[in-house]
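Residue numbers (the numbering used here): 212 to 399.
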Amino acid sequence: LKPYTGSNVITEMTATVKPVTEVKPPKDATMVKVTAKNVQTDAGHFPWKAIDGDEKTCWTGNGPAMPNWLQLEFEKPTTVTSTEILWEKSEDWYQYKIETSRDGKAWTMAHDGSKNQRKSDTKDTFKAEKTKFLRVTVLKQEHGQWPAIWELKLNGEKGPLKLFPIFKKGEGPKGKVSGKGLEKSGNI
212 LKPYTGSNVI TEMTATVKPV TEVKPPKDAT MVKVTAKNVQ TDAGHFPWKA IDGDEKTCWT
272 GNGPAMPNWL QLEFEKPTTV TSTEILWEKS EDWYQYKIET SRDGKAWTMA HDGSKNQRKS
332 DTKDTFKAEK TKFLRVTVLK QEHGQWPAIW ELKLNGEKGP LKLFPIFKKG EGPKGKVSGK
392 GLEKSGNI
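Below, the structure is given as structure tokens:
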């Protein structure tokens, strides 16, 4: 081994550091706390990603065990008239149920998809007035895959609800999320 005998050049460069800011909700956002029975955190598939307006991100449960659920807790009582679920494997069927609650304890079945065999994303119509919670429980997946939702979209009496997750300080995305995502209008 021979020691290096050449010369070294050190170049200093300056950079402008822009502060990272938290994403702010639009004025007409429907604020929700998003939780799940369990989460595949090592891949970054957090519950809030099911409502971030970006169909390239998702919530995924941490393993194939069923049932598993994704739950929205609305900041204010909200009327929901329909859901659209973009499943990770839209070429497979998912069996599921959608429930609503005013207190998080007593649940009402809004849609029973427990016998679903339709291989596609799902759209379900119902009316849940002044609900505080909405929960999608995944009961079974055709090939035993992990429960995963690309996007959960809700409609209210006046059309699409612009869902925006409530984050604890230091949680959630920073800066720009995506071209279609939270920073423009929430989940539309």
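Yeah, the Cβ is synthetic: ideal placement off N, Cα and C, and Gly gets one too. None of these values were measured; they are calculated from a predicted model.
Cut-off 7 Å between Cβ atoms - residues of its own chain near residue i, not counting five sequence neighbours on either side
| i | result |
| --- | --- |
| residue 274 | 357 |
| residue 268 | 260 |
Exposed unless 16 or more other CB atoms sit within 10 angstroms - verdict on residue i
| i | result |
| --- | --- |
| residue 221 | exposed |
| residue 263 | buried |
| residue 240 | buried |
| residue 266 | exposed |
| residue 365 | buried |
| residue 212 | exposed |
Span separating the alpha-carbon of residue i from that of residue j
| i | j | result |
| --- | --- | --- |
| residue 250 | residue 321 | 24 Å |
| residue 379 | residue 257 | 14 Å |
| residue 307 | residue 377 | 25 Å |
| residue 344 | residue 248 | 14 Å |
| residue 371 | residue 296 | 13 Å |
| residue 368 | residue 293 | 9 Å |
| residue 302 | residue 331 | 6 Å |
| residue 246 | residue 281 | 6 Å |
| residue 316 | residue 342 | 12 Å |
DSSP three-state assignment for residue i, whether helix, strand or coil
| i | result |
| --- | --- |
| residue 261 | helix |
| residue 332 | coil |
| residue 387 | Residue placement at residue 387 is poorly supported in this model, since its pLDDT is 41, which falls under 50; the coordinates are not used for a value here. |
| residue 317 | coil |
| residue 323 | strand |
| residue 276 | coil |
| residue 240 | coil |
| residue 395 | The predicted position of residue 395 is uncertain, since its pLDDT is 47 and thus under 50; a value taken from the coordinates is nonetheless stated next. Helix, per DSSP. |
8 Å Cβ shell around residue i - same chain, five flanking residues per side excluded
| i | result |
| --- | --- |
| residue 319 | 310, 311, 312, 339 |
| residue 277 | 349, 350, 351, 352, 358 |
| residue 243 | 262, 283, 284, 285, 286, 374, 375, 376, 377 |
| residue 346 | 280, 281, 282, 283, 309, 310, 311, 312, 318 |
| residue 272 | 247, 248, 249, 250, 251, 279, 349, 357, 358, 359 |
Chain-order list of residues whose beta-carbon lies under 6 Å from that of residue i (same chain, five-residue window excluded)
| i | result |
| --- | --- |
| residue 327 | 304, 306 |
| residue 314 | none |
| residue 336 | 293 |
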